[in-house]
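In full-length UniProt numbering, the protein residues as written are 1 to 354.
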């Protein structure tokens, strides 16, 4: 999980990238306010919960008189309710809470967990409040106690970053059992990073999360298949999972998909598709892809574009690109050089939108 310590370090032994780093922004959906949420944004976690409960007392559900079967939902064991609601986002949870009184009451802990989760993210990232990791962890843990799988994942990540890896792993495991894809993926990483490595368990959890569409898990599963780690080596399956992860926005998977097409490893060799994936990885900010794409552009005579991509690679820390950048700079006019540098200054990586 960009700078998180949860993920393994970059592999220097293979041209195929190591396991991915978590980008917190990629897993946070745009927040949408719903009835009862308007006053939860500017106070404190305790005040927010009090207002939530007070608002529910005055709010009339869509069906105030329980149907003959409404009670059966409320009577379900809480772990079953948590499994059902683990797949809900905030709008879906609030919508389900308005079906009838029984549903509203049964889902109350999970609504409170959503509030605590949001406060935890605020304290962690300093959104509208002063950054406070201790209060962030407290909010995440309280949300986890109320059944939020997402809060379990965030609390687990904080424990992992603090070096309390067993506590982090335990929270990932709880979220994974509830069916949370990020929890499943992170649990798989734990099994690969433990003192006693269990690659078969890692692959099991990667596969579950990958089947749910988690791009990091798809990429991690592809690496295991490619290297025969915890599963029989299968380059063709690895290539397919690389491409699925790439289509889901994983930048390292984009680069590895390019490698598969360019070398014919896992896919029939297809240079046109290889170039497409290389450019896509470069545009999403993969520094090695930027360097290699710049080299291809330079070879084809597109000097200005080549200088832009090679300079991007240099600024991203790709050491091998420095010499090529200097060669290109010497071959262009000062006006072209200034134009290229201006383009680099304005450049921003693409971001994946589902």
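For each residue, glycine too, the CB sits at the ideal point set by N, CA and C.
Look up residue 256 in the DSSP assignment and say whether it is helix, strand or coil.
-> Taking the chain shown and counting its residues from 1, the one referred to as residue 256 is at position 256. The three-state reading of DSSP puts residue 256 in helix, counting H, G and I together.
How would you label residue 116, buried or exposed, when you count the other beta carbons within 10 angstroms and need 16 or more for buried?
-> Working through the chain shown from its first residue, we reach residue 116 at position 116. By the neighbour-count definition (other C-beta atoms within 10 Å, threshold 16), residue 116 is a buried residue.
Note down, in chain order, each residue of its chain lying with its Cβ closer than 6 Å to the Cβ of residue 293, except the 5 sequence neighbours on either side.
-> One-based indexing of the chain shown puts residue 293 at position 293. If the five residues before and after residue 293 are omitted, its C-beta is found closer than 6 Å to the C-beta atoms of 278, 279, 282 and 309, all from its own chain and listed in chain order.
Where does the unbroken alpha helix (DSSP H) through residue 328 begin, and where does it stop?
-> Along the chain shown, read from residue 1 onward, the residue named residue 328 stands at position 328. Residue 328: member of the alpha helix (DSSP H) spanning 321-331, first to last residue.
Grab me the residues of residue 93's own chain with a C-beta within less than 7 Å of its C-beta, minus the 5 sequence neighbours each way, in chain order.
-> Numbered from its first residue, the chain shown carries residue 93 at position 93. Excluding residues within five positions, the ones whose Cβ falls inside 7 Å are 85, 107, 110, 111 and 114.
If residue 202 and residue 230 are in contact, beta carbons under 8 Å, what's the gap, nearest whole angstrom?
-> Taking the first residue of the chain shown as 1, we reach residue 202 at position 202. Taking the first residue of the chain shown as 1, we reach residue 230 at position 230. With a Cβ gap of about 6 Å, residue 202 and residue 230 count as contacting.
C-beta contact flag for residue 169 and residue 196 at 8 Å | Along the chain shown, read from residue 1 onward, the residue named residue 169 stands at position 169. Along the chain shown, read from residue 1 onward, the residue named residue 196 stands at position 196. Cβ atoms of residue 169 and residue 196: not closer than 8 Å.
Keeping to the same chain, check which residues put their C-beta closer than 8 Å to that of residue 233; ignore five residues upstream and five downstream.
-> For this step, residue 233 is matched to residue 233 along the chain shown. Excluding positions up to five away in sequence, the list reads 225, 226 and 227.
Endpoints, the alpha helix (DSSP H) within which residue 220 is located = Residue mapping note: residue 220 aligns to position 220 of the chain shown, counting from 1. From DSSP, the alpha helix (DSSP H) with residue 220 extends over 215-227.
7 Å CB neighbourhood of residue 212 in its chain, flanking five on each side removed = For the purposes of this step, residue 212 is identified with residue 212 of the chain shown, where counting begins at 1. Taken in chain order, the residues that qualify are 181.
On the three-state DSSP scale, how would you describe residue 158?
-> Here residue 158 is taken as the residue at index 158 of the chain shown, counted from 1. Correct three-state label for residue 158: helix.
Would you kindly work out how many angstroms separate the C-alpha atoms of residue 242 and residue 100, rounded to a whole number?
-> To locate residue 242, count along the chain shown from 1; it is residue 242. To locate residue 100, count along the chain shown from 1; it is residue 100. For residue 242 and residue 100, the distance between alpha carbons rounds to 44 Å.
Cβ distance (whole Å) where residue 356 is taken to contact residue 206 below 8 Å = Past the edges of the chain, shown from 1 to 354, lies residue 356, and the structure says nothing about it.
Using alpha carbons as the reference points, say which of 162, 191, 139 and 254 lies closest to residue 222.
-> Here the question's residue 222 lines up with position 222 in the chain shown. Measuring from the Cα of residue 222, the nearest candidate turns out to be 254.
From 345, 175, 303 and 347, pick the residue whose C-alpha is nearest to that of residue 330; which is it?
-> Indexing the chain shown from 1 puts residue 330 at position 330. Looking at the Cα atoms, 303 is the closest of the given residues.
Own chain residues within Cβ distance below 7 Å of residue 143, not counting five before or after = Counted from its first residue, the chain shown places residue 143 at position 143. Apart from the 5 residues on each side of it in sequence, residue 143 sits with its Cβ closer than 7 Å to the Cβ of 113, 116, 117, 120 and 151 in its chain, given in chain order.
Does residue 345 get closer than 8 Å to chain D when you measure Cβ to Cβ?
-> Any reference to chain D falls outside this structure, which holds one protein chain only.
I think residue 297 touches residue 305, with their Cβ atoms under 8 Å apart; what is that distance to the nearest whole Å?
-> Here residue 297 corresponds to residue number 297 of the chain shown, with the count starting at 1. Here residue 305 corresponds to residue number 305 of the chain shown, with the count starting at 1. Right, their Cβ atoms sit about 5 Å apart.
Does the separation of the CB atoms of residue 349 and residue 284 fall below 8 Å?
-> Your numbering for residue 349 matches position 349 in the chain shown. Your numbering for residue 284 matches position 284 in the chain shown. In this structure, residue 349 lies near residue 284, with their beta-carbon atoms less than 8 Å apart.
Between which two residues does the alpha helix (DSSP H) containing residue 130 stretch?
-> In the chain shown, counting from the first residue as 1, residue 130 sits at position 130. Careful: residue 130 lies outside any alpha helix (DSSP H) and carries neither H nor E.
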